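**Q** The numbering of the sequence shown is my numbering, which starts it at 1 and goes up by one. Built from N, CA and C at the ideal position, the CB exists for glycine as well. Please read these numbers as outputs of a predicted model, since none were measured by experiment.
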Amino acid sequence: MWDAQGKQYLDFSGSAGVNFIGHGVESIVSAMTSQARSLEFVHLSQFTTPIAEQYASELLEFAGDNFRGGAVYFTCGGSEAIDTALKLARQYQVEIGNFGRSQIISRTQSYHGATLGAMAISSSKRPREMFRPMVREFASVPGPYPYRCPYECSDSCNNCGSLYAQEVEAAIAAAEQKVAAIILEPVSGAAVGAVVPPAGYLERVIEICRQAEVLMIADEVMTGTGRTGRNFAIHHWGLAPDILVTAKGLASGYAPLGAVLISAKVVEAIAYGSGSFVHGFTYSSHPISLAAGRATLKHVRSLNLVEAADSDAQETTAAKLKAGLLKLRTLDAVGDVRGIGLLWAVEFVSDRGAKTPFPGADNFSGKVAQAALERGLLVYPVQGCIDGEAGDHILIAPPAVISPEQIAWALEQLASAIEEASA
Ligand SMILES: Cc1ncc(COP(=O)(O)O)c(C=O)c1O
Numbered sequence: 001m002w003d004a005q006g007k008q009y010l011d012f013s014g015s016a017g018v019n020f021i022g023h024g025v026e027s028i029v030s031a032m033t034s035q036a037r038s039l040e041f042v043h044l045s046q047f048t049t050p051i052a053e054q055y056a057s058e059l060l061e062f063a064g065d066n067f068r069g070g071a072v073y074f075t076c077g078g079s080e081a082i083d084t085a086l087k088l089a090r091q092y093q094v095e096i097g098n099f100g101r102s103q104i105i106s107r108t109q110s111y112h113g114a115t116l117g118a119m120a121i122s123s124s125k126r127p128r129e130m131f132r133p134m135v136r137e138f139a140s141v142p143g144p145y146p147y148r149c150p151y152e153c154s155d156s157c158n159n160c161g162s163l164y165a166q167e168v169e170a171a172i173a174a175a176e177q178k179v180a181a182i183i184l185e186p187v188s189g190a191a192v193g194a195v196v197p198p199a200g201y202l203e204r205v206i207e208i209c210r211q212a213e214v215l216m217i218a219d220e221v222m223t224g225t226g227r228t229g230r231n232f233a234i235h236h237w238g239l240a241p242d243i244l245v246t247a248k249g250l251a252s253g254y255a256p257l258g259a260v261l262i263s264a265k266v267v268e269a270i271a272y273g274s275g276s277f278v279h280g281f282t283y284s285s286h287p288i289s290l291a292a293g294r295a296t297l298k299h300v301r302s303l304n305l306v307e308a309a310d311s312d313a314q315e316t317t318a319a320k321l322k323a324g325l326l327k328l329r330t331l332d333a334v335g336d337v338r339g340i341g342l343l344w345a346v347e348f349v350s351d352r353g354a355k356t357p358f359p360g361a362d363n364f365s366g367k368v369a370q371a372a373l374e375r376g377l378l379v380y381p382v383q384g385c386i387d388g389e390a391g392d393h394i395l396i397a398p399p400a401v402i403s404p405e406q407i408a409w410a411l412e413q414l415a416s417a418i419e420e421a422s423a
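(1) I need the boundaries of the alpha helix (DSSP H) containing W2, first residue and last residue.
(2) So, helix, strand or coil for E220, using DSSP?
(3) In the DSSP output, what is G391 paired with across the bridge?
(4) If I measure Cβ to Cβ from I62 and keep anything under 7 Å in the same chain, skipping five residues before and after, which residues do I get?
(5) DSSP state of T317, grouped into three classes?
(6) What would DSSP say about S63, mapped onto helix, strand or coil?
(7) Ordered along the chain, which non-local residues of its own chain (more than five positions away) have a Cβ less than 8 Å from that of H299?
(8) Suppose the cutoff is 8 Å on Cβ atoms and the five residues either side in sequence are ignored; what does the same chain contact list for L328 look like?
(9) Tell me F348's beta-bridge partners as DSSP assigns them.
(10) Between Y9 and R375, what straight-line distance do the alpha-carbon atoms span, to the nearest angstrom?
(11) Do the region 207–227 and the region 123–139 make contact, defined as three or more Cβ pairs closer than 8 Å?
(12) For the candidate residues A212, A233, G229, E213, whose alpha-carbon lies nearest to that of E220?
(13) Tell me, to the nearest whole angstrom, how far the beta carbon of I51 is from that of A291; I am working on the premise that it is less than 8 Å.
(14) In three-state DSSP terms, what is I21?
(15) Flag this pair as yes or no: are the beta carbons of G200 and S162 separated by less than 8 Å?
(16) Between I217 and A173, which are expected to be in contact by the criterion C-beta below 8 Å, what is the C-beta distance as a whole number of angstroms?
(17) Please report the distance separating the alpha-carbon of L44 from that of Q93.
(18) Which value, in whole angstroms, describes the spacing of the CA atoms of F348 and T330?
(19) Output yes or no for whether 8 Å exceeds the beta carbon distance between L342 and A264.
(20) Could you tell me the boundaries of the alpha helix (DSSP H) in which I172 lies?
(21) If I'm right that P198 touches E167 with Cβ under 8 Å, what's the distance once you round it to whole angstroms?
(22) What number of angstroms, rounded off, separates the C-alpha of A372 from the C-alpha of L378?
(23) Relative to the C-alpha of Y164, which candidate in P144, Q314, E137 has its C-alpha closest?
(24) Inspect the beta-carbon positions of I340 and S311 and report whether they are closer than 8 Å.
(25) Where in the region 85–134 do unbroken runs of the alpha helix (DSSP H), each at least 4 residues long, occur, reported from the N-terminal end onward?
(26) Would you say the region 64–84 touches the region 233–249, given that touching needs at least three Cβ pairs under 8 Å?
(27) For I262, report the span of its beta strand (DSSP E) as first-last.
(28) When DSSP labels each residue in this structure, what does L244 get in the three-state scheme?
(29) Hey, would you say the C-beta of M130 is under 7 Å away from at least one heavy atom of ligand 1?
(30) Taking only the alpha-carbon atoms, compute the straight-line gap between I104 and W409 and give it to the nearest angstrom.
(31) Start and end of the alpha helix (DSSP H) containing Y380?
(32) Measure the C-alpha to C-alpha separation of L59 and D65 and round it to an integer number of angstroms.
(33) How long is the line joining the alpha carbons of A301 and T225, rounded to whole angstroms?
(34) Does the contact criterion of 3 or more C-beta pairs under 8 Å hold for the region 186–195 versus the region 384–391?
(35) Measure the beta-carbon distance from R107 to S140 and round it to whole angstroms, keeping in mind my assumption that it falls under 8 Å.
(36) Any heavy atom of ligand 3 closer than 7 Å to the Cβ of M222?
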């Protein structure tokens, strides 16, 4: 990318975990242009469109067997899609006679969006403190954080999966049959920074949900469309959520687009119940955004970008990124490097032995991002990973087309930016 002064930047965070296919891909622009020429817009209450039908069925197929017979609700981005999913969960419960179920359990330290609905279930303090009196509060449960395990394990949470899952079980029980759904990111995105859950955790959570008639909503706004080296992050664990929300990489930033993938169980409850979902945005299924999304999916597939994003396979782009990032652990200010695929976080500490965070007022991650920006490298700084206030990390999420030379150059710049911020 180049700014107005002609200074060149390498987009090492995919803007904000958005761009997965690289900037300036001509085929996406052509698909959008030709869609605009043939049909720019119709209102969903009057017509469906070929682009919506074709793209929805391709996306459901991309999401795998769990979504066979399901449906897709398209939105203009992540927050709208999250609100849509929450309303869907409530309507599902009403359709099957569970009228008292309206609560949504989320995880402490999560970010699900900026609309009031999404904010109500985002527990991360920073973005919501001022608006807290305006939204309804539901229970939240701690999510996995192996670097700072609340159960004080010494094996990176390898055996903590069932303990974290018990928190979910306890919260559902405490709410006395009032929970409609639980929402979680399979791999935590910005708020805690690319945390991969311990084995068994997500599998157990979904089992608990099934037993309690609680829906599971997977928030894959950041992790969807290949980012973690699978089509969706749920595929790492063979999970079958009832609803999956995705956005960012879906159209890779070429157009505003989000999607709610709805399993057959939920679709059928509504279709054979009241018959329609009580919800609607004027710009749902906007044809030009859908053309961008459909062309992005085609591009991802034809360039094998999901495979490139697999950090556990040999010699892939993501494996090279992982190997390089892990070397940053030798720097004094780096406490943890974690992630999967092309979604990584580097957490900073002032004392590695004691894992002491930098004082919030120092804005350490902001300083690293600024020093990187001056070197022509764009990263995504976040504060508050520990408890919503303390803790600094940066998110690394480059497009899957990044070359090995670009990775090597970016890591050199990043190391020297961290050293400059520490000095
Ligand atoms: C996990 C997650 N959910 C939801 C959202 C909200 O998406 P949007 O900013 O497109 O409204 C974000 C945005 O960063 C996100 O990371």
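**A** Taking the coordinates as given:
(1) W2 -> no alpha helix (DSSP H), and no H or E assigned at all.
(2) strand
(3) DSSP, once it has assigned bridges, lists no residue as partnering G391.
(4) A small fix is needed here, since residue 62 is Phe in this sequence, not Ile. The answer, listed in chain order, is N231, L297.
(5) helix
(6) In the sequence on display, residue 63 carries Ala and not Ser. In this structure, A63 counts as coil in the three-state DSSP scheme.
(7) I21, V25, S27, I28, L305
(8) V334, V337, V346, L411, L414, A415, I418
(9) V334, D392
(10) 8 Å
(11) no
(12) A233
(13) 6 Å
(14) coil
(15) yes
(16) The Cβ separation is near 19 Å, so there is no contact.
(17) 25 Å
(18) 12 Å
(19) no
(20) 161–174
(21) Not a contact, Cβ separation roughly 13 Å.
(22) 6 Å
(23) P144
(24) yes
(25) 116–120
(26) yes
(27) 258–262
(28) strand
(29) no
(30) 44 Å
(31) That residue, Y380, is in no alpha helix (DSSP H); its beta strand (DSSP E) goes 380–383.
(32) 12 Å
(33) It is worth fixing the name first, because residue 301 is Arg in this sequence and not Ala. Using only the alpha carbons, I get a separation of about 10 Å.
(34) yes
(35) 6 Å
(36) Only ligand 1 can be found as ligands here, which leaves ligand 3 out of the picture.
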